[in-house]
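J.: Below: one structure in structure tokens.
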Amino acid sequence: MTMYNVHYVLIIFSFFGTLQAATVGSDTAPTRFNTQQALDNNDRVAGFAALAGGFALQGFNVNAQWDTFFPVSGLVQLNGGTLILTRDLVFRNNSVFGGGLGNIIGNGHAIEFSTSITVIPLLDADLISCGLLLTYTQAENSDVEVIGWSFDDKFLTVGKDPRVPVDTIENYEMVNQVPVLRQSFDPPGAATEVNAIEWHPTNYLVGITRQLSADSEVFTYTCNPSTGILTLVSSAAIAGNVAAAVWHPSGSFFVVGTNVAAAEISVYPVNAAGVLGAPTTFNLAGSRVIQNEAMTISPDGNYLAVGLATNGVNPEMLVFRFTTSPITLTQVASRFFGVNVNAVDWNPTFTQYIANGLAGTSGDLAQVQEFRTTSTALTPRAFALGIGGDVSTIGWRPTDGKCLVVTRGILGITSFLRSYAFDASSTSTLRRITEFTEIDDLDGMAWNHAGTFVAVGRDGTVTPDIGALLLFQNPLNFILTTCFEWNTVKIFFDCDVTIRNACIKFTGQSLINGRGNVLTIDSTTTLLVGPNSSLMFKDIIIKGVSDHQLGAVDGTSTYSFQDATMVLDGNYSFTVGKFDVIKDLEVSGNGFVFAYRTDQVSTISSTGRLILDEGVTFSYDPRSSSRNLLRFSDASAELVLNSATLYATTTGINLTKGYMVVDGSSFLAAEGSTAATGITFGDNATAVNNFCIELMPAASLNILRGLVSYANV
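Under the numbering used here, the first residue of the sequence shown carries the number 840, and numbering increases by one thereafter.
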């Protein structure tokens, strides 16, 4: 057995900017690639490219072509994108099919899964917990500087830089996980760059701050939850830049950080209507400058931390004791770094930890500090290695504080977003899980409160004045809410396989050949057949079938079975589409029901057998009034009752042309008590429609209820 260790890192490049379609490898000379290859939109893996390190599609918007003769090794990740096969995709025994699923356009080619692939898709615990996939992008007409989520995650508000005459505030409503614009406007006065958007902890009230303007720099707006329209309530003039802001958890105080000497921190009382009261101001000695993303408050509201620009003398990170009656700030801890502290965020669960991001090109630029009320020092406890440039933003996942997102954004250096797993019981190195790389500056970033989305703003530094709003989702959340299309593909298994946390819709004419192995459909998985499409199961045991896990889109959707066994682990309803039994289909699952509820005709072909094993009930309960939707091609097409039950609802069932073999103690049951509503064999008209019954030695066929008619001639 081949042993392997896999480090799950998702590498996702944006489609913005100057990235061009590329060919990986050559069509004339073999080339081996030992590291995972990142495939962007319209990229192609050439005929003699040997991908020994796997490959990853770069997001949901990517279409890439697989055109190599060589098998693939290593980690393969579709990440919500589309892989187009122009040759077979063969996995070696040291390969892994992990990360997010995606679409596959098979063009009749095969995918051969090796013995190392036992779970599709394979997600390790940290990837499920802290992984991110780019799942939505939207171009903006200027740089996106800051982002804020409403307390219930219904609204997403974007603040921009008016490098061209544009509205600097946009309010979006999340509709089916997609932001829909509800309002675009500028706060009163001359437009300047928006530096902070902070929603009230419990109400539809949002605080907004901006750079120095001819008018006010601090605003509060109420939001109509039905329309998404923001209405100005109150404003205040600072006569300076307002770089950062945060609400006290009580919602009664709005704290802002400025560049105004002797008033670097202002605490505004806010009443229930959202009106700003007179601020209490605080002086940070040494003419300190609070950075744009560098203000955070402890979950209990008792402490405030700020990050400052360096002056080479004073500490750049300060922690204050915060009281509200009266309003006071008392410095209790600090740390000197010698560089700007660009971002800070307090852990929502492990409240002794504060994440901070630094400016620079080397060293540990993303850190986790431990704050203890008994010490005036901040102690470094964990580090993210290899940042290599200014940290723009940093943020803990609000739900549990176990995941940390860091963005790097600086001109001349490729920007990125990374997610890290944090283990509070063993703090040292943060484990990197996801990386998304951008050619432009990534700036504003915010988790939603449910911890399911990360919204990120993109500046237009390479392509001026063209920003973007990017949404990232957890891979598990994304694949559970997305059904991926696999078109005209032939799938082969070399071992038992479980499909977990997935929805796959098969279109065109597709095949799953188990080669005698077991396919387990986990309870989190649905397989569908699309319109005018078919999916054949061949030489396979299908386990875990219940509810509607094998489904169809409409009446033109067809399942075909050839030497297949379906193992029920609950009652199963076949409600849409039809099935064909080409050769044997054996249904097992003692005590469970296979309910036939479609209005389409399913066929047992010549020499085909529908075998119902011990304790299985086949319930004929169609959505139409037809009694003839289960058809047999001729006398060689068989229904086998092996200590099983054939049941008909009041519609009744009429079986013709075929043959029934009864073994063990089997049963017939009908809800109807007339010839038109019971179970009928034959049609009383022609011998070609006779439906013969053979009882094996020691077998019995018992009528439990209703009318059964033997109408052969």
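By construction, the Cβ of each residue, glycine as well, lies at the ideal position given by its N, Cα and C atoms.
All figures in this text were calculated on a predicted structure; none of them were measured in a lab.
Give, in chain order, every unbroken run of the alpha helix (DSSP H) that is at least 4 residues long and sits entirely within the segment 947-1014.
T.: For the segment 947-1014, whole alpha helix (DSSP H) runs of length 4 or above, ordered along the chain, are 964-969.
J.: Less than 8 Å between CB atoms is the rule here; does SER1214 satisfy it with respect to chain C?
T.: Judged by its chain identifiers, the structure shown contains no chain C, having just a single protein chain.
J.: Taking the alpha carbon of LEU1069 as the point to measure from, which residue in ASN1034, ASN1010 and ASN1015 has its own alpha carbon closest?
T.: The option with the nearest alpha carbon to LEU1069 is ASN1010.
J.: Residue ranges of each beta strand (DSSP E) run of no fewer than 3 residues wholly in the segment 1132-1187, ordered along the chain?
T.: Listed in chain order, they are 1142-1147, 1156-1163, 1166-1174 and 1180-1185.
J.: Can you confirm whether the segment 1196-1208 touches the segment 1168-1188 when touching is taken to mean that 3 or more C-beta pairs between the two stretches lie within less than 8 Å?
T.: In short, these stretches touch, since the Cβ pair count reaches three.
J.: Ignoring anything shorter than 4 residues, give me the alpha helix (DSSP H) runs that lie fully in the segment 1205-1239, in order along the chain.
T.: As far as the segment 1205-1239 is concerned, it has no whole alpha helix (DSSP H) run of at least 4 residues.
J.: PRO1001: which of SER1023, LYS1241, ASP1262 and ASP992 sits nearest, CA to CA?
T.: When each option's Cα is compared against that of PRO1001, the closest is SER1023.
J.: Would you list the residues sitting across from TYR1549 in a DSSP beta bridge?
T.: In the DSSP output, where bridge partners are listed per residue, TYR1549 has PHE1520.
J.: Going by the DSSP bridge assignment, what does CYS1062 pair with across the sheet?
T.: LEU1069.
J.: With a threshold of 16 other CB atoms inside 10 Å of the CB of LEU1224, please say whether the residue is buried or exposed.
T.: With fewer than 16 Cβ atoms within 10 Å of its Cβ, LEU1224 is classed as exposed.
J.: Which one or two residues does DSSP pair with PHE1255 in a beta bridge?
T.: Answer is ARG1247 and THR1276.
J.: Could you check the C-alpha separation between GLY1290 and THR1238 for me, to the nearest Å?
T.: Answer to the nearest angstrom: the Cα atoms are 6 Å apart.
J.: Taking 8 Å as the cut-off, decide whether the C-beta atoms of TYR1435 and ASP1452 are in contact.
T.: Contact: no.
J.: Does ASN1316 come out as helix, strand or coil in the three-state DSSP assignment?
T.: If DSSP states are grouped into helix, strand and coil, ASN1316 belongs with the helices.
J.: Where ALA1509 and PHE908 are concerned, what is the direct C-alpha to C-alpha distance, given to the nearest angstrom?
T.: If I take the Cα positions, the gap works out to 57 Å.
J.: Below 8 Å on the Cβ atoms is my contact criterion, and I expect THR1364 with ALA1391 to pass it. Report the Cβ-Cβ distance as a whole number of Å.
T.: Contact flag wrong, Cβ pair sits at about 15 Å.
J.: How is the beta strand (DSSP E) around PHE894 delimited, first residue to last?
T.: Start and end: 893-896.
J.: Could you tell me the alpha carbon to alpha carbon distance between SER1201 and GLY1228, rounded to whole angstroms?
T.: If you take the alpha carbons of SER1201 and GLY1228, they lie about 7 Å apart.
J.: Check ALA1403 in the structure and name its three-state DSSP category.
T.: Note: ALA1403 maps to strand in three-state DSSP.
J.: If you run the structure through DSSP and keep just helix, strand and coil, what is VAL1527?
T.: In this structure, VAL1527 counts as helix in the three-state DSSP scheme.
J.: Let's test the definition: count the other Cβ atoms within 10 Å of the Cβ of TYR1549 and tell me whether it reaches 16, buried, or not, exposed.
T.: It is exposed - the Cβ of TYR1549 has fewer than 16 other Cβ atoms within 10 Å.
J.: May I have the straight-line CA-CA distance separating THR867 from LEU1424, to the nearest angstrom?
T.: Rounded to the nearest angstrom, the two C-alpha atoms are 47 Å apart.
J.: Alpha carbon to alpha carbon, what distance is there between GLY913 and VAL863?
T.: Their backbone Cα atoms lie some 16 Å apart in a straight line.
J.: Could you tell me the alpha carbon to alpha carbon distance between GLY1447 and SER1475, rounded to whole angstroms?
T.: Cα to Cα, the separation comes out at about 7 Å.
J.: Ordered along the chain, which non-local residues of its own chain (more than five positions away) have a Cβ less than 8 Å from that of ARG871?
T.: Hits under 8 Å: ALA889 and ALA891.
J.: Throw me the rounded Cβ distance for the ALA1148 and THR1135 pair, which I believe falls under 8 Å.
T.: Not a contact, Cβ separation roughly 17 Å.
J.: At a cut of 8 Å, does the segment 936-951 reach the segment 1315-1325 through at least three beta carbon pairs?
T.: Yes, the segment 936-951 touches the segment 1315-1325.
J.: Pull up the CB-CB distance for ASP1408 and GLY1430, whole angstroms please, since I reckon it's below 8 Å.
T.: About 10 Å separates the two Cβ atoms, so there is no contact after all.
J.: Taking contact to mean 3 or more Cβ pairs, one atom from each stretch, closer than 8 Å, check whether the segment 1493-1501 and the segment 1522-1530 are in contact.
T.: Enough Cβ pairs lie closer than 8 Å, so yes.
J.: Should THR1162 be counted as a contact of the ligand ATP given a C-beta to heavy atom distance under 7 Å?
T.: With respect to small molecules bound, the structure shown includes none, and the ligand ATP cannot be examined in it.
J.: Tell me whether GLN1016 sits in a helix, a strand or coil according to DSSP, three-state version.
T.: In this structure, GLN1016 counts as coil in the three-state DSSP scheme.
J.: Give me the Cβ distance between THR1190 and SER1137, rounded to the nearest whole Å; I'm assuming they're in contact under 8 Å.
T.: THR1190 to SER1137, Cβ: 6 Å. Contact.
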